[in-house]
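Asker:
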Amino acid sequence: KKERNAAEVSCQTDELEASGRAISAEELDSRLAAQKQQLQLEADKVQRKAVAEARKLIQRELEEKHLNDMAKQVEGAVTRAYSRWIEDLSSLPEYQTLLQREKDKWEELQEEITKEKVSQALQEAEEEWRKNQVEQQNPGDLQEELAALKSQLEQASREQAALLKAELAAARAAWFRDKQQEISIIQARNEQTYQTKLQDQRKNLEQAVQEAREDADLQRKELLLQLEAKLQQTLRTREEEWRSQCEEKDLAERRQEKEKFVSELQTALAQASARLLRPAETEHQEAEDGRRTGGSPSESTITNIIETSCRDMMNRALTEAKKEWKKEIKCSLARRKEQPGCRKGCTESLGKLQKKNQELHRHLEKACRQLQHRIREHKTAVQQLRGAFNILSFELTESQRPGVGLKKRHQYNCGKSSDHQQNLQQGLEEMKQQYLVTVEKIRGDMLRYLQESRERAAEMIRSEVQRERQDTARKMRRYYLTCLQELLEDGGKATGAEKKIMSAASKLAAMAKVLETPV
Numbered sequence: 459k460k461e462r463n464a465a466e467v468s469c470q471t472d473e474l475e476a477s478g479r480a481i482s483a484e485e486l487d488s489r490l491a492a493q494k495q496q497l498q499l500e501a502d503k504v505q506r507k508a509v510a511e512a513r514k515l516i517q518r519e520l521e522e523k524h525l526n527d528m529a530k531q532v533e534g535a536v537t538r539a540y541s542r543w544i545e546d547l548s549s550l551p552e553y554q555t556l557l558q559r560e561k562d563k564w565e566e567l568q569e570e571i572t573k574e575k576v577s578q579a580l581q582e583a584e585e586e587w588r589k590n591q592v593e594q595q596n597p598g599d600l601q602e603e604l605a606a607l608k609s610q611l612e613q614a615s616r617e618q619a620a621l622l623k624a625e626l627a628a629a630r631a632a633w634f635r636d637k638q639q640e641i642s643i644i645q646a647r648n649e650q651t652y653q654t655k656l657q658d659q660r661k662n663l664e665q666a667v668q669e670a671r672e673d674a675d676l677q678r679k680e681l682l683l684q685l686e687a688k689l690q691q692t693l694r695t696r697e698e699e700w701r702s703q704c705e706e707k708d709l710a711e712r713r714q715e716k717e718k719f720v721s722e723l724q725t726a727l728a729q730a731s732a733r734l735l736r737p738a739e740t741e742h743q744e745a746e747d748g749r750r751t752g753g754s755p756s757e758s759t760i761t762n763i764i765e766t767s768c769r770d771m772m773n774r775a776l777t778e779a780k781k782e783w784k785k786e787i788k789c790s791l792a793r794r795k796e797q798p799g800c801r802k803g804c805t806e807s808l809g810k811l812q813k814k815n816q817e818l819h820r821h822l823e824k825a826c827r828q829l830q831h832r833i834r835e836h837k838t839a840v841q842q843l844r845g846a847f848n849i850l851s852f853e854l855t856e857s858q859r860p861g862v863g864l865k866k867r868h869q870y871n872c873g874k875s876s877d878h879q880q881n882l883q884q885g886l887e888e889m890k891q892q893y894l895v896t897v898e899k900i901r902g903d904m905l906r907y908l909q910e911s912r913e914r915a916a917e918m919i920r921s922e923v924q925r926e927r928q929d930t931a932r933k934m935r936r937y938y939l940t941c942l943q944e945l946l947e948d949g950g951k952a953t954g955a956e957k958k959i960m961s962a963a964s965k966l967a968a969m970a971k972v973l974e975t976p977v
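If you're matching positions, the sequence shown starts at 459 in our numbering and goes up one per residue.
(1) My output table needs one value for Leu486: the three-state DSSP class, helix, strand or coil.
(2) Leaving out five residues on either side along the sequence, give the residues of the same chain with a beta carbon under 7 Å from the beta carbon of Leu450.
(3) Quick one, which of Leu611, Gln924, Lys661 and Tyr553 has its alpha-carbon nearest Gln581's?
(4) Could you tell me the distance, in whole angstroms, from the CA atom of Tyr540 to the CA atom of Glu533?
(5) With distances taken between CB atoms, is the gap from Leu556 to Ala583 smaller than 8 Å?
(6) Under a Cβ-count criterion, where at least 16 other Cβ atoms within 10 Å of its own Cβ denotes burial, should Glu686 be classed as buried or exposed?
(7) Helix, strand or coil, according to DSSP, for Leu656 in the structure here?
(8) Can you tell me whether DSSP reads Gly499 as helix, strand or coil?
(9) Should Ile644 go down as buried or exposed, given a rule of 16 or more other Cβ atoms within 10 Å for buried?
(10) By a C-beta neighbour count over all protein chains shown, 10 Å radius and 16 as the cutoff for buried, is Trp633 buried or exposed?
(11) CA-CA distance, Gln924 and Glu649?
(12) Take the Cβ of Glu545 as the centre, count every other Cβ of all protein chains shown within 10 Å, and call the residue buried at 16 or more, exposed below.
(13) For Arg671, count neighbouring Cβ atoms within 10 angstroms of its own Cβ and tell me buried if that reaches 16, exposed if not.
(14) What does the alpha-carbon distance come out to for the pair Thr537 and Arg906?
(15) Is it the case that the Cβ atoms of Arg542 and Thr930 are separated by a distance below 8 Å?
(16) Using the three-state DSSP reduction, which class does Leu550 fall into: helix, strand or coil?
(17) Can you give me the C-alpha to C-alpha distance between Gln665 and Met918, rounded to a whole angstrom?
(18) Taking its Cβ as the centre, do 16 or more other Cβ atoms sit within 10 Å of Lys933, making it buried, or is it exposed?
(19) If we ignore side chains and look at the alpha-carbon of each, how far apart do Lys575 and Gln558 end up?
(20) What's the C-alpha gap between Ala491 and Gln505?
(21) How big is the Cα-Cα spacing for Ala628 and Arg635?
(22) Please report the straight-line C-alpha distance between Gln909 and Glu560, rounded to a whole angstrom.
(23) Considering only C-alpha positions, which residue in the set Arg936, Arg712, Leu681 and Lys788 is nearest to Lys899?
(24) Can Gln587 and Glu603 be called in contact, C-beta distance under 8 Å?
(25) Are the CB atoms of Ala579 and Ala614 within a distance shorter than 8 Å?
(26) I need the straight-line Cα distance from Gln657 to Met528, nearest angstrom please.
(27) When the Cα atoms are used, what is the spatial distance from His831 to Thr838?
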């Protein structure tokens, strides 16, 4: 179609070219657009048709495949139902009673048939005997023949009854043999299916136990990691608390030492200021008196150092101030001589003197700060010297009593170390106790989880087996009753034993086929 349309389009274009330039360009474009649209529509139609055919073909193939799968599933279900029915049929008491009942009916029917045959044979023999008696009118011969016929009839009836009994016994033995073979086959199948189901359930249980163990291992690892993290956190918190307590103790001791140092420094400064205000002779006398009285070396050295440093700084400040004052006086005298009565110069000199005075005040403040700094340094040095002096004095006194001193020092050091070790040991014991309690809890939880998982799996298996048994028994009961009703309805008909057995077998097979259909 596409080639034909292309040929038509080429012919039309050739005709248009042959017609000349009479057709305008707009008409040519419109015609070309119309032809292109028509070609597009035809191509879409062809494509749509091809897609529909392919879809139908695929749908047909899928339907055939689905039908084949359904047929296979139905055949498998029928075979499974038949095998299941055959498995459960031999164990049903109703089936045994019905089989015994049918067997008794069949035996009664066979006995009735034999009786009918015997009576019919007797009637025929009597009729023949009567005919022969009429023909031969000899009563003695007739009686002899009648007796012979009776004996033959009795012997024939006995032989026929024996043959019927032998045939019945042979048929019964063959039937029992076939049934025993079927029962053995069914038992073998049942055992095989039971073993396969048991293996599947064992595999499922092993898989469930493996998964439970893996989950338990993961949970145990997570809990151990959490416990380690908690232990590390508790250790960090205990260390931080211990450090904070140590820092608080150090700060308190430093604060006390600082307060003590400030109080001693204030007293020393007060004494130094009081001594600085006194004249030098009284100071020398007091120093000599102090040396004679033999005060504490640390306090005397502190006061002497403070006094000397203050005196040096004051002397330097006074000398500098005197020098500056002399220079200013000289300058002011020179200016007064040069320009007497100049107020401007006086004001300038006054301002300069005020500035100098402020600078001197700053120098004095700086000197006081330096003095305080030196006092602090001397205080630390005095503390160190005092500590060294106390240690030396303690060692000297203890050296006189060596046994007692060493024992006290050892007891002091041991007390400190034992307290520290006791605190550490107590913390470690608490952490160990917490760890053991947590591990015991994890172990109990894991054992309880495994026990619950096993109980759940066993309960699921029991419920599944019970449900299958109930469903099979329900279906068997329903279809067994329907087939039994049909058998009882057909039991009143006058048919042969073989036909009866065949009809019963066909109905039992139909019952087995129907077992897999949904109720």
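In this text, a Cβ means the ideal position worked out from N, Cα and C, and glycines have one as well.
Answerer: Let me lay it out:
(1) In the structure shown, Leu486 sits in a helix (DSSP, three-state: H, G or I).
(2) Since the first residue of the chain shown is 459 and the last is 977, residue 450 is not available in this structure.
(3) Closest option to Gln581, Cα to Cα, is Leu611.
(4) Distance between the alpha carbons of Tyr540 and Glu533 is about 10 Å.
(5) The answer is no: Cβ separation not under 8 Å.
(6) With fewer than 16 neighbouring CB atoms inside 10 Å of its own CB, Glu686 falls in the exposed class.
(7) Leu656 falls in the helix class under three-state DSSP.
(8) First, the residue type needs correcting, since residue 499 is Leu and not Gly in the sequence shown. Leu499 falls in the helix class under three-state DSSP.
(9) With 16 or more neighbouring CB atoms inside 10 Å of its own CB, Ile644 falls in the buried class.
(10) Trp633 comes out exposed.
(11) Between Gln924 and Glu649, the alpha-carbon positions lie close to 18 Å from each other.
(12) Glu545 is classed as buried because its beta carbon has at least 16 other beta carbons within 10 Å across all chains shown.
(13) Burial call: exposed.
(14) When the Cα atoms are used, Thr537 and Arg906 turn out to be separated by approximately 44 Å.
(15) By the CB criterion at 8 Å, Arg542 and Thr930 fall inside the cutoff.
(16) Reduced to three states, the DSSP call for Leu550 is coil.
(17) Looking at the backbone, the Cα of Gln665 and that of Met918 are separated by about 15 Å.
(18) Its Cβ being crowded by 16 or more others within 10 Å, Lys933 is buried.
(19) Distance between the alpha carbons of Lys575 and Gln558 is about 26 Å.
(20) Distance between the alpha carbons of Ala491 and Gln505 is about 21 Å.
(21) Answer to the nearest angstrom: the Cα atoms are 10 Å apart.
(22) Roughly 53 Å separates the two Cα atoms.
(23) Nearest Cα to Lys899 within the set Arg936, Arg712, Leu681 and Lys788: Leu681.
(24) According to the sequence displayed, residue 587 carries Trp and not Gln. Their beta carbons are under 8 Å apart, which means Trp587 touches Glu603 by this criterion.
(25) Yes.
(26) Taking the CA atoms as reference points, Gln657 sits about 29 Å from Met528.
(27) Near 11 Å, if we compare the C-alpha coordinates of Thr838 and His831.
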